[in-house]
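Line order of the protein sequences matches chains R and P.
In short: position in the first sequence from 1, add 1360, done, that's our numbering.
In short: position in the second sequence from 1, add 1, done, that's our numbering.
Where a beta carbon is used, it is the ideal one built from N, C-alpha and C, also for glycine.
Since we're looking at a predicted model, the values are computed, not measured.
Worksheet for the structure shown next.
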Amino acid sequence: MKTNKIFLALVILVSSTLFFGSSGENKSASVAVISKIVKDVEIQKNNKWEKAKIGQTLESGDQLKTGSKSLVIVRFLDNSLLRVQENSTLKIYADKLKKDMSKNTHLEEGQLGFKVTKQEDEDFKFTTPTMVASIRGTEGFLEVQKNGSSMLSCETGAIDIEASLGSKQTGNVTAGKFVVVTDAGEVEVKENTPEIRKKLESNKKMTSRSLILKTNKGDIKIDFRSE
Amino acid sequence: MKYYAITIFLFLFSFLLLNEASAQQGVVISGVIAPDVREGEPVLFEINFMQPSNITRAVLAYRNFGETEYLETELTILGNSATFVLEPGKAAPPFLEYYVVATLNSDITEYYPLDYPSSFAPAKVLVTGASPKDLEVLLLTPEPNSKVPEDELFISVSLLKASDEVSKKLTRIYVDNYDVTEMAVIAEDLILFSPENFSYKLNPGMHRIKVELFTQDNKLYNSVSFAFELIPAYSPDFRGETFLYGVNVRGEARNEVMRNESVWYNNLGVDFNGSYSDWNVDAKLYVTSEEKKHLQPNNRYSLTVGTNWLTLGVGDLFPQYPFLILSGKRVRGFSGELRSSFFGLTVTTGEVTRPVDGRYLTDASDSAIGKNVITVNNKRIYADLGTYGRSLLSVRPAFYIGETFEWGFSMLHGKDDNASIKYGAKPKENLLFGTDMKFAFDNKRILLSLQSAMSLNNSDISSGTLSDSMILVLGDELEFDGELVKGIKSAVGSFFTVNQFISPFNPQKLASLAAEGSLSLNYFNNSFKSSYIFRGNDFQSFGQSYLRTDVTGINITDVLRLMDNKIFLSLAYENLMDNLQGTRLSTTTFQTINTSIAYYPRTDFPNIVFGYSNNSNENTISNADTLYNQYAINDATNRVSLQLSYAYDLSVKQRTSVFFTFTDRTDNTLLKNDAENSSVNVTNMTFWTSKFNSNVGLSFNSSKLKNSDYSFVSVTLGASYLMLQDKLRMNAAVNPIFGDLKRTQFELSGLYEVIRNFNIGLQGRYFINEKLDNDSIFGLYFTYNLNQ
């Protein structure tokens, strides 16, 4: 009897492992691809950092880091776009369920521009150390500032904001506005200033300059972001 | 397309030259390449010529199904070809019709298709419709219709949104026409392909990615393709805070021996393209040995600087104004356009015709008459008349409300320079005022367009403006309203020549008015358009040489899309009439019915387009009218056409197209100018490997006119091979023609990449003619790109 119970438990354990391990949510499958790299971009897969390459696929849990005057552009399978600017670190999470994909991008530091395709039942969230933003079909940019606060500007569409710390205020950002979320949990929504608009425009430019070094072993081309 | 147009030309020249309809080859137009497109894509026309020194002007005319008139654009011949790109969105399903006409120095015109004057059957570019299933395939990189540096090209396709019917592992992917599925990685929803794995070299220029989806039982579910442009690795196309530029240089030396006459053509072209922040600079220079003072200019130059709110250009420009005012005309001068969100201003001034003097022939008596009898230095002479220099000034302010409303006002003043030549007659002047309005509602599903213009013309300004008293005197003698003409003089006399040669004298009769309006509705997969035109017989614009006048009527077109844009049922009806001012013996009505069924299956089945049209013209003069029956018009033309094109696998990739037309014209007048024309074209292209392809073509053409019959059969055999580490592409073809036109053409050409961005090419053609001396063309050309 005892043996049967142990056997049954083992069967349940193995079955559960097999069932949940092969569920419709395919966590180890590719969720995005790197479409452009300028200068220093690294990717962390399975806790190992390595130099990123154009065409490299990203899986849920992968992390990206950009150096000075560097840029990486990431495209999710639903054609949503991230432009990760210099000195940034982010981690992507994504769950695929049949034809939908829920995405969560955590920006630890730095700045990124985004263009998100219209979401129906899918979920696209941005998180930073101080806020969570729910995106539905929008374009804008997100920045984690040096003082710890987060700034998010919306060019088109609408975004729901929730502070993660302190008073955990909430807010809503619509087209033409930006929000600052402090580490005290305060949410302040304002109209885009000329400086913000300029940042929106420069964020969209995939500007790079090339330096070509001629060596006796051939040409070495170095791309970098211009000032 | 910018300065990479020549690169595209070279790519097409080496890859698709053998796909020309060389069976339609004439004396000067050797062929036209115009690939079929998908709705929303640009249409690229490449027209190849022989003996371009014999051509004074070449024009491409095009229109969508059911449209009354062709839009015409003057072609700029560079070397021995001309290219024209019709913007995305201008070509609509089911097809675009076009023809090319070249006017030779001898005033003879040649058409492509060659039999167009008798058959009125234009060539077609098939325009397939988009499908909702196309949205199930997402091209992640490169972005569709984007420019990609060649060192950044990586192809990735997402099948995340593909239907459950689709078996993703059966998906196939093609680059240009090459199946690269085996070299790609298909991982669940993602397909990845790196060109480094591809033995076929992708040169800078336009390329196409095609993705085919299959169902679980291996049936083709959908096929969708995307275009992108590959640009050299160090390209100025990505703007920044630094001035980036690119230069393209090309040169050619070519010898043509035609009818024992040997002519050398040497030309050099330089294109410059630069950008700084939001500003762009474009400069073009083309110099040729065909530039002659006694002909219109063949050299070309232009410089354009612009940003999104201002564009300024000098040199040879093609400014665009409302169709009735200025369209498709080269202007050598200055053009500027200022545009804000609510107001725009366009100004153009320059020369449209260069002065070319005539020459003295002989003295003439005082009583001699004739249009070439002129007075020079108080002496009457016979002269070979020259061409006056003609310039124009055009201005158009316009007001906008977003994209829903536009209201513009146009003025054009054109004038011949009386002092520009010595041996000329009847210099002319032209003044137009016009207005245009556009309304767009419900996401441009409802479009209302209105346009009108009134012209004042002077057919001979050599005597200058008359005084008021002289106007009254001549009014009595020549029986026109002198007071009315005095009124016209007071209104415009300060800048327009008013004398007895102005027209119309009776503007209230609307002889010089042109007006048109159209309403388009796009709902429930139905594109409906109705339009009305009115063109007085005296309407004229120096900026629009190709306008039909003395006509009024309606045009109704309906295109119904069925089965996810796979089937297009099209119907058009047009009813026009002339003699608006009662100046003709009789009024003629022109009635056209045009129908078409197009099937673009996007599966393993050919594209099929079937068309039928009936055109009848009739006036009120009957055959029984013994006095005027030679002016009777009573004819009907029926035309049937069938076009098939099919890309399929038969061990290797094949592409076959068949085009058949039959035209029958019945003339019911006493002249009995009946005509019949049949034409069949079959071509097949085989892609044996990524480096080698071949093509076979067969063409039959037969024309029966009242007093003559004419028919010929043409066979084409050709091949193209890439060798020497993909640096050299060789092409060879032979084209014998039998029947009433007997000729055999041999062709050998090669294009070699000497170093990166520098190519040289060699082309040789030899024609064996029956009963005439043989002809030949041999040429050497090069292209070079420099980027910073």
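Inter-residue CB distance, residue i and residue j (contact presumed, cutoff 8 Å)
| i | j | result |
| --- | --- | --- |
| residue 1485 of chain R | residue 1389 of chain R | Residue 1485 of chain R to residue 1389 of chain R, Cβ: 20 Å. No contact. |
| residue 1416 of chain R | residue 1452 of chain R | With a Cβ gap of about 13 Å, residue 1416 of chain R and residue 1452 of chain R do not count as contacting. |
| residue 591 of chain P | residue 566 of chain P | Contact flag wrong, Cβ pair sits at about 32 Å. |
| residue 587 of chain P | residue 620 of chain P | 4 Å |
Burial state of residue i, where buried means 16 or more other Cβ atoms lie within 10 Å
| i | result |
| --- | --- |
| residue 650 of chain P | exposed |
| residue 371 of chain P | exposed |
| residue 756 of chain P | exposed |
| residue 564 of chain P | exposed |
| residue 359 of chain P | buried |
| residue 222 of chain P | buried |
| residue 724 of chain P | exposed |
| residue 577 of chain P | buried |
| residue 625 of chain P | exposed |
| residue 156 of chain P | buried |
| residue 349 of chain P | buried |
| residue 622 of chain P | buried |
| residue 224 of chain P | buried |
Residue i, DSSP secondary structure in three states
| i | result |
| --- | --- |
| residue 1528 of chain R | coil |
| residue 1557 of chain R | helix |
| residue 475 of chain P | helix |
| residue 1392 of chain R | strand |
| residue 489 of chain P | helix |
| residue 1451 of chain R | strand |
CB contact below 8 Å: residue i versus chain R
| i | result |
| --- | --- |
| residue 796 of chain P | Given a span of 2 to 789 for chain P in the structure shown, any question on residue 796 of chain P remains unanswerable. |
| residue 162 of chain P | yes |
| residue 159 of chain P | yes |
| residue 85 of chain P | no |
| residue 132 of chain P | no |
| residue 61 of chain P | no |
| residue 759 of chain P | no |
| residue 195 of chain P | yes |
| residue 496 of chain P | no |
Length of the line joining the Cα atoms of residue i and residue j
| i | j | result |
| --- | --- | --- |
| residue 501 of chain P | residue 459 of chain P | 8 Å |
| residue 1487 of chain R | residue 1460 of chain R | 20 Å |
| residue 813 of chain P | residue 147 of chain P | This structure gives no information on residue 813 of chain P, because the portion of chain P shown stretches from 2 to 789. |
| residue 12 of chain P | residue 709 of chain P | Confidence at residue 12 of chain P is low in this model, with a pLDDT of 35, below 50, so its placement is unreliable and no value can be given for it. |
| residue 451 of chain P | residue 420 of chain P | 39 Å |
| residue 1419 of chain R | residue 1403 of chain R | 11 Å |
| residue 783 of chain P | residue 253 of chain P | 7 Å |
| residue 573 of chain P | residue 91 of chain P | 18 Å |
| residue 553 of chain P | residue 390 of chain P | 33 Å |
| residue 1407 of chain R | residue 1470 of chain R | 21 Å |
| residue 445 of chain P | residue 402 of chain P | 14 Å |
| residue 670 of chain P | residue 110 of chain P | 27 Å |
| residue 716 of chain P | residue 209 of chain P | 29 Å |
| residue 488 of chain P | residue 517 of chain P | 28 Å |
| residue 544 of chain P | residue 408 of chain P | 20 Å |
| residue 512 of chain P | residue 329 of chain P | 24 Å |
| residue 781 of chain P | residue 100 of chain P | 29 Å |
| residue 231 of chain P | residue 704 of chain P | 45 Å |
| residue 326 of chain P | residue 318 of chain P | 16 Å |
Closer than 8 Å to chain P by CB, residue i
| i | result |
| --- | --- |
| residue 1431 of chain R | no |
| residue 1530 of chain R | no |
| residue 1393 of chain R | yes |
| residue 1589 of chain R | Because residue 1589 of chain R is not part of the residues shown, which for chain R are 1361 to 1587, the question remains open. |
| residue 1439 of chain R | yes |
| residue 1384 of chain R | For residue 1384 of chain R, the predicted model reports a pLDDT of 38, less than 50, meaning its position is unreliable; a value from the coordinates is still stated below. Chain P contact via Cβ: absent. |
| residue 1415 of chain R | yes |
| residue 1443 of chain R | no |
| residue 1459 of chain R | yes |
| residue 1496 of chain R | no |
| residue 1558 of chain R | no |
| residue 1550 of chain R | no |
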